[in-house]
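Below is one structure, written out as structure tokens; the observations come after it.
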Amino acid sequence: MGKEWLKKVKATCPEVKWHAHYAILGPYDFMDIYEAPDVETAHRVSLISRAEGALCAESWRALPYENFLRVLEEVQG
350 MGKEWLKKVK
360 ATCPEVKWHA
370 HYAILGPYDF
380 MDIYEAPDVE
390 TAHRVSLISR
400 AEGALCAESW
410 RALPYENFLR
420 VLEEVQG
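First residue of the sequence shown? That's 350 in this note's numbering, and the numbers climb one at a time after it.
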């Protein structure tokens with residue numbers, strides 16, 4: 350996958366902001382950290398990964414910690 354995969358993702362999803370690419374130990378070999386403007390764009394990245402040969406792809410949504418604290422304050426009153 351590598352460079353060709355990234356080229357395809359950037360062409361298909363130019364609005365994705367890339368933060369990091371890691372080679373990791375554990376149940377998966379690689380982890381990419383990126384921001385997508387919506388869940389559909391994140392699905393596109395995942396589908397391109399699968400189409401290009403990834404055996405497994407997971408997408409996890411995350412909330413910036415500052416936003417989490419704001420939500421926590423709202424819930425606690």
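Quick reminder that beta carbons are idealized off the backbone N, C-alpha and C, glycines included.
Everything numeric in this text was worked out from a predicted model, so none of it was measured.
Exercise for the section: Please work out which residues of its chain come closer than 7 Å, Cβ to Cβ, to R393, disregarding the five sequence neighbours upstream and downstream, and give them in chain order. Expected result: T361, C362
Practice task
Answer with buried or exposed for I397, where buried requires no fewer than 16 other C-beta atoms within 10 angstroms of its C-beta.
Solution key: Its Cβ being crowded by 16 or more others within 10 Å, I397 is buried.
Exercise for the section: Count the other C-beta atoms from every protein chain shown that fall within 10 angstroms of the C-beta of V358, then say buried if there are 16 or more, exposed otherwise. Expected result: buried
Problem - Best match in N416, A403, A411 for proximity to D378 [C-alpha to C-alpha] - result: Taking only the C-alpha atoms, the option nearest D378 is A403.
Problem - Residue of P376, C405, E401 minimising C-alpha distance to K356 - result: Ranking the options by Cα distance to K356, first place goes to E401.
Handout entry: Delimiting residues of the alpha helix (DSSP H) encompassing E389
Key = 388-400
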